[in-house]
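Here the structure is laid out as structure tokens; the discussion comes afterwards.
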Amino acid sequence: MSRKAAVVALTALAPISWGSTYFVTTEFLPPDRPLFTGLMRALPAGLLLLALTRKLPQGAWWWKSAVLGALNIGAFFPLLFLAAYRLPGGVAAVVGSVGPLFVVGLAALFLGEKPTTKTLLTAVAAAFGVSLVVLKAGAAFDLVGIVAGLLSSLSMSAGIVFTKRWGRPEGVGALALTGWQLTAGGLVILPIAFLIEGAPPALTGTNLAGYAYLALGNTAISYFLWFRGIERLSASSATLLGPLSPITAAVIGWAALGQALGPVQVLGMLIAFGATLAGQLSPRAAKAPEVAAPEAELFSGTEKNGQEVSMDLEVSEVRR
Numbered sequence: 183m184s185r186k187a188a189v190v191a192l193t194a195l196a197p198i199s200w201g202s203t204y205f206v207t208t209e210f211l212p213p214d215r216p217l218f219t220g221l222m223r224a225l226p227a228g229l230l231l232l233a234l235t236r237k238l239p240q241g242a243w244w245w246k247s248a249v250l251g252a253l254n255i256g257a258f259f260p261l262l263f264l265a266a267y268r269l270p271g272g273v274a275a276v277v278g279s280v281g282p283l284f285v286v287g288l289a290a291l292f293l294g295e296k297p298t299t300k301t302l303l304t305a306v307a308a309a310f311g312v313s314l315v316v317l318k319a320g321a322a323f324d325l326v327g328i329v330a331g332l333l334s335s336l337s338m339s340a341g342i343v344f345t346k347r348w349g350r351p352e353g354v355g356a357l358a359l360t361g362w363q364l365t366a367g368g369l370v371i372l373p374i375a376f377l378i379e380g381a382p383p384a385l386t387g388t389n390l391a392g393y394a395y396l397a398l399g400n401t402a403i404s405y406f407l408w409f410r411g412i413e414r415l416s417a418s419s420a421t422l423l424g425p426l427s428p429i430t431a432a433v434i435g436w437a438a439l440g441q442a443l444g445p446v447q448v449l450g451m452l453i454a455f456g457a458t459l460a461g462q463l464s465p466r467a468a469k470a471p472e473v474a475a476p477e478a479e480l481f482s483g484t485e486k487n488g489q490e491v492s493m494d495l496e497v498s499e500v501r502r
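Its first residue numbered 183, the sequence shown is counted upward by one per residue in this note's numbering.
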């Protein structure tokens, strides 16, 4: 397996993991507490990574980490959940699937990644495939929900682009940078969650197990892989891994929850997956840096800087 293929495979584990969120939310967590769930995903994971890496931002990285944390987590989660509450899940997912188009535009503006016809067509195909997977006939539309969905997608897209533009400070690993962003994002969500949803609910052992999975595997590890991958891939290649999230959610829903998966949904999955593969074959995709055994450095705190990440499609996994 080539270095780039290894990087793509590891990065793809993030949206695949996010595809399990709907199942965990419906089967393990208390209902109707999406902001509390966002808080429990981000803040404990961020604090854990801070404790493991024992590194804090220095200089300009205090405000850079705050901005990235707000874009990728703090603003994204509340807007995502607002869209999920105001729109049917399928409509919210389709609105979120425009993220790759936002990334293409922002990458051209801030990274100098000139958009190609192939990239644009691939992004459109991915959005179309997702719509076939999740959009139901007679779906209702709500202006506030649509605006929130678009803003959540824009927030995550900007987070991808600026994560790539700023890279990492020298001597700081991707694990530490992930901890900074998750902590900052969690602190943004904290007052919003308590203001809107009130005090935390009483939690059962099942609830705690669900939150532990979301905080560790679904957030700490997944976002680490995501941010690490952004450094090594072009912005458009990274964002076009996003359709793996609703595809995974659909497969889990079919296998574990008995949800229908008809020919139209299967066709949509094939189109979205094909667009994902095409996005990785783009000639403008950045090459992986010369590093040995990328799998072995997963939890290294001293990775070299790479070139200067849903989840925006994760809206399909959140139910009202």
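Positions of the beta carbon are idealized from the N, C-alpha and C atoms, including for glycine.
Outcome for residue i when other beta-carbon atoms lying within 10 angstroms are tallied against a minimum of 16
{"i": "GLY353", "result": "exposed"}
{"i": "GLY294", "result": "exposed"}
{"i": "LEU439", "result": "exposed"}
{"i": "THR203", "result": "buried"}
{"i": "MET493", "result": "Residue placement at MET493 is poorly supported in this model, since its pLDDT is 36, which falls under 50; the coordinates are not used for a value here."}
{"i": "SER184", "result": "exposed"}
{"i": "LEU459", "result": "exposed"}
{"i": "PRO282", "result": "buried"}
{"i": "GLY380", "result": "exposed"}
{"i": "GLU413", "result": "buried"}
{"i": "ILE255", "result": "buried"}
{"i": "LYS246", "result": "buried"}
{"i": "LYS346", "result": "buried"}
{"i": "LEU231", "result": "buried"}
{"i": "ALA187", "result": "exposed"}
{"i": "THR301", "result": "buried"}
{"i": "GLY244", "result": "Here residue 244 turns out to be Trp, not Gly, going by the sequence shown. Answer is exposed; the Cβ neighbour count stays below 16."}
{"i": "ALA233", "result": "exposed"}
{"i": "GLY392", "result": "buried"}
{"i": "GLY355", "result": "buried"}
{"i": "GLY361", "result": "buried"}
{"i": "GLN447", "result": "buried"}
{"i": "GLY387", "result": "exposed"}
{"i": "ALA437", "result": "exposed"}
Integer Cβ distance of residue i from residue j, believed to fall under 8 Å
{"i": "ALA252", "j": "GLY349", "result": "In fact, because the Cβ distance is near 18 Å, the residues do not count as touching under 8 Å."}
{"i": "ALA330", "j": "LEU261", "result": "5 Å"}
{"i": "GLY456", "j": "SER199", "result": "Not quite, the Cβ-Cβ distance comes to about 22 Å (not below 8 Å), so this is no contact."}
{"i": "PHE263", "j": "GLY327", "result": "Rounded, the Cβ-Cβ distance is 11 Å, inconsistent with contact."}
{"i": "VAL249", "j": "PHE344", "result": "7 Å"}
{"i": "LEU443", "j": "ALA431", "result": "About 11 Å; that fails the 8 Å criterion."}
{"i": "VAL503", "j": "MET451", "result": "The requested residue 503 is not part of the displayed model; the chain covers only 183 to 502."}
{"i": "GLY342", "j": "ALA420", "result": "What sits at residue 342 in the sequence shown is Ile, not Gly. Correct: roughly 6 Å between the Cβ atoms."}
{"i": "PHE406", "j": "LEU369", "result": "At roughly 19 Å, the Cβ-Cβ gap does not stay under 8 Å, so PHE406 and LEU369 are not in contact."}
{"i": "ASN389", "j": "PHE218", "result": "Going by Cβ atoms, the distance from ASN389 to PHE218 rounds to 10 Å, so no, they are not a contact pair."}
{"i": "SER339", "j": "LEU372", "result": "Contact doesn't hold; Cβ gap of about 24 Å is too wide."}
{"i": "PHE284", "j": "SER334", "result": "In fact, because the Cβ distance is near 11 Å, the residues do not count as touching under 8 Å."}
{"i": "PHE409", "j": "LEU377", "result": "The Cβ separation is near 29 Å, so there is no contact."}
Within 8 Å, strictly: CB atoms of residue i and residue j
{"i": "ARG268", "j": "ASP214", "result": "no"}
{"i": "ILE453", "j": "PHE310", "result": "yes"}
{"i": "LEU422", "j": "ALA290", "result": "no"}
{"i": "PRO197", "j": "SER337", "result": "no"}
{"i": "GLN312", "j": "PRO425", "result": "At residue 312 the sequence reads Val, which differs from the Gln that was named. In contact: VAL312 and PRO425 (Cβ atoms closer than 8 Å)."}
{"i": "PRO216", "j": "ALA266", "result": "yes"}
{"i": "VAL189", "j": "LEU463", "result": "no"}
{"i": "ALA286", "j": "SER418", "result": "Checking the sequence, you will find Val at residue 286 rather than Ala. Yes."}
{"i": "THR193", "j": "GLY411", "result": "yes"}
{"i": "LEU364", "j": "GLY201", "result": "no"}
{"i": "VAL206", "j": "TYR395", "result": "yes"}
{"i": "THR304", "j": "GLY461", "result": "yes"}
{"i": "GLU351", "j": "GLN240", "result": "A small fix is needed here, since residue 351 is Pro in this sequence, not Glu. Contact flag set, yes."}
{"i": "MET222", "j": "ALA397", "result": "yes"}
For this session: Jot down the residue ranges of each uninterrupted alpha helix (DSSP H) in the segment 218-270, minimum 4 residues, whole runs only, in chain order.
Result: 243-251, 258-268
For this session: Could you name each continuous alpha helix (DSSP H) segment of 4 residues or more that falls completely within the segment 338-410, going from the start of the chain to the end?
Result: 356-379, 387-397
For this session: For the segment 273-338, list the alpha helix (DSSP H) runs that are entirely contained and at least 4 residues long, ordered along the chain.
Result: 281-292, 299-316
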